[in-house]
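FYI, in mature numbering (1 follows the signal peptide of the UniProt record, and there is no 0) the residues of the sequence shown are -31 to -1, 1 to 109.
All C-beta atoms in this analysis are idealised placements derived from N, C-alpha and C, irrespective of residue type, glycine included.
Keep in mind that this is a model prediction, so the values were computed, not measured.
Below is one structure, written out as structure tokens; comments come after it.
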Amino acid sequence: MVDQGRFFSSAFMLCVAIIMMVALIVPPAAAAKVYVVQNKDEAVARCQNIQPDPVTGMYGQFAVYRDTDGYDIFYSCGYQSEDKSDFDRSMPCNLLQNRGLRVKSPEHNVRYYCSLFGGWKLEQCIGRFVNCRTVEGYQG
């Protein structure tokens, strides 16, 4: 006689594992897009020249630039507002101390990390740790 409760449990766990793997592989359409610019005027101009995302419109798109104190400013294309980061990217990146360090930014799923090649990088992720990619043009 077969213990059906045990069979259901392992089949259920297999389904959950498959669903989780698919969620990691297939990115949702509402991913944030980050553009590196030099100042607020360029951020406003960049936001005016991009096409809205079909799902999130302009609300998932940001321009980032550095203020005079060395802090990043995230300009929201949708809200047309600025959020100042608490992270000072002029802080030295020491791999012995900061290896694997991830620091949140003011925007959801965008974070800083200490690069293996030296210097801080900015990455955007689909989820908390899923499908992360480095933001092109960001110099930390």
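When the options are compared against residue i, the one with the closest alpha-carbon
i   : options                : result
D36 : K90, T103, M(-19), F56 : F56
Residue j beta carbon less than 9 Å from that of residue i
i   : j   : result
V72 : A32 : no
Q49 : C16 : yes
A14 : I42 : no
Limits of the unbroken alpha helix (DSSP H) element including residue i
i   : result
D10 : 9 to 17
Residue i in three-state terms, based on DSSP
i      : result
L70    : coil
I95    : coil
C83    : strand
S50    : strand
P(-5)  : Model confidence at P(-5) stands at a pLDDT of 49, short of 50, so the residue's coordinates are unreliable; what they give is reported in the following sentence. Reduced to three states, the DSSP call for P(-5) is coil.
V(-16) : helix
Enclosing beta strand (DSSP E) for residue i [first to last residue]
i   : result
Q30 : 30 to 35
Buried versus exposed call for residue i [16 or more other C-beta atoms within 10 Å across all chains shown]
i      : result
L(-18) : exposed
R102   : exposed
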